[in-house]
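Undergrad:
Numbering (the working numbering), first residue to last: 413 to 606.
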């Protein structure tokens, strides 16, 4: 049994047996068990064994969740969203995902320009409006990181903390460029290869 197999959730095996000899404990542990408790079970012993199991399982599971979240956050586009759009595809009809991608690539440059102009003029209302619009467009295509950055920019505008806006706008434009690159590649894929 491999305890660190990344494809499986962490497993912690506790032997529960009527055999109470020290040699029985050693045999269970050498057979691959993580811990051992003998009958009759006493509540303090059971609690101690379960706490030890929890301290083993939680960090491994938390590390795996963190790795998965990092993988997701590094992606410019959540593929499941585009796949879902393509599932709506009717035979003989245009690709719904490509239509939305085209709309995004055509309309969002104006929102980016609007944000840049609003920051230059210190116009919180215009910045909030442009950030809100791009957030919605990004969410529709699964550009989750871009949508989060736009939500942060929208919040900054709402709170009128425009001194922070320029730095965050830089992150928005970097992520926007990544998203546009991925979407351009996505448009070129044949429908049946997706």
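Ideal Cβ positions, reconstructed from N, Cα and C, are used throughout, including at glycine.
1) Taking the alpha carbon of residue 556 as the reference point, which residue from 438, 522, 489 and 424 has its own alpha carbon closest?
2) In this structure, what does DSSP give as the bridge partners for residue 449?
3) With residue 580 as the anchor, note down where its alpha helix (DSSP H) starts and where it stops.
4) Any heavy atom of the ligand MN within a distance shorter than 7 Å of the CB on residue 576?
5) Does residue 461 pass the burial test, meaning 16 or more other C-beta atoms within 10 Å, or should it be called exposed?
6) What number of angstroms, rounded off, separates the C-alpha of residue 598 from the C-alpha of residue 553?
7) Between residue 448 and the rest of its own chain, which residues show a CB-CB distance below 6 Å, the 5 nearest in sequence each way excluded?
8) Between the C-alpha atoms of residue 492 and residue 516, what's the straight-line distance to the nearest angstrom?
9) What does a CB cutoff of less than 6 Å around residue 523 pick up in its chain, not counting 5 residues either side in sequence?
10) Using only CA atoms, which one of 527, 572, 576 and 567 lies nearest to residue 588?
11) Using a 10 Å radius around the Cβ and a threshold of 16 neighbouring Cβ atoms, would you call residue 581 buried or exposed?
12) If you run the structure through DSSP and keep just helix, strand and coil, what is residue 503?
13) Determine, using beta carbons only, whether residue 513 and residue 458 come nearer to each other than 8 Å.
14) Taking only runs that begin and end inside the region 529-559, name each unbroken alpha helix (DSSP H) of 4 or more residues, in chain order.
15) Take residue 534 as the anchor and find which of 498, 548, 568 and 509 has the nearest alpha-carbon.
16) Are the CB atoms of residue 551 and residue 519 nearer to each other than 8 Å?
17) Would you mind sorting residue 577 into buried or exposed? The rule is 16 or more other CB atoms within 10 Å of its CB.
18) Nearest to residue 430 by CA position, among 450, 559 and 494, is which residue?
19) If you drop the 5 nearest sequence neighbours on each side, which residues of the same chain put their C-beta closer than 8 Å to that of residue 480?
TA: Let me lay it out:
1) Start at 1 with the first residue of the chain shown, and residue 556 comes out as number 144. When C-alpha distances from residue 556 are compared across 438, 522, 489 and 424, the shortest belongs to 489.
2) Residue 449 sits at position 37 when you count from the first residue of the chain shown. Answer is 428.
3) Within the chain shown, residue 580 is the residue found at index 168, counting from 1. Counting along the chain, the alpha helix (DSSP H) containing residue 580 begins and ends at 577-599.
4) Looking for the ligand MN in the displayed structure turns up nothing, as the structure carries no ligands at all.
5) Position 49 of the chain shown, counted from the start, is the residue given in the question as residue 461. By the C-beta density criterion, residue 461 is buried, having at least 16 other C-beta atoms within 10 angstroms.
6) The residue given as residue 598 occupies position 186 in the chain shown. The residue given as residue 553 occupies position 141 in the chain shown. Looking at the two C-alpha atoms, the distance is approximately 11 Å.
7) Stepping through the chain shown from its first residue, residue 448 is reached at position 36. Counting only Cβ-Cβ distances below 6 Å, and skipping sequence neighbours, we find 427, 437 and 440.
8) In the chain shown, counting from the first residue as 1, residue 492 sits at position 80. In the chain shown, counting from the first residue as 1, residue 516 sits at position 104. Distance between the alpha carbons of residue 492 and residue 516: 18 Å.
9) Here the question's residue 523 lines up with position 111 in the chain shown. The answer, listed in chain order, is 542, 545 and 546.
10) Stepping through the chain shown from its first residue, residue 588 is reached at position 176. Its Cα nearest to that of residue 588, the residue 527 stands out among 527, 572, 576 and 567.
11) Taking the chain shown and counting its residues from 1, the one referred to as residue 581 is at position 169. Per the 10 Å Cβ criterion, buried.
12) For the purposes of this step, residue 503 is taken as the residue at position 91 of the chain shown. Here residue 503 sits in coil by DSSP.
13) Taking the chain shown and counting its residues from 1, the one referred to as residue 513 is at position 101. Taking the chain shown and counting its residues from 1, the one referred to as residue 458 is at position 46. Note that the C-beta distance between residue 513 and residue 458 is not below 8 Å.
14) 536-552
15) In the chain shown, counting from the first residue as 1, residue 534 sits at position 122. Minimum Cα distance to residue 534 is reached at 568.
16) Along the chain shown, one-based indexing puts residue 551 at 139. Along the chain shown, one-based indexing puts residue 519 at 107. Result no, Cβ atoms of residue 551 and residue 519 do not sit closer than 8 Å.
17) Within the chain shown, residue 577 is the residue found at index 165, counting from 1. Answer is buried; the Cβ neighbour count reaches 16.
18) To locate residue 430, count along the chain shown from 1; it is residue 18. For the residues 450, 559 and 494, the minimum Cα distance to residue 430 belongs to 450.
19) One-based indexing of the chain shown puts residue 480 at position 68. Any reading at residue 480 needs caution, since the residue's pLDDT is 49, under 50, leaving its predicted position unreliable; the model's value is listed next. Annotation for residue 480: no residue places its beta carbon closer than 8 Å to its own, counting only its chain and skipping 5 residues before and after.
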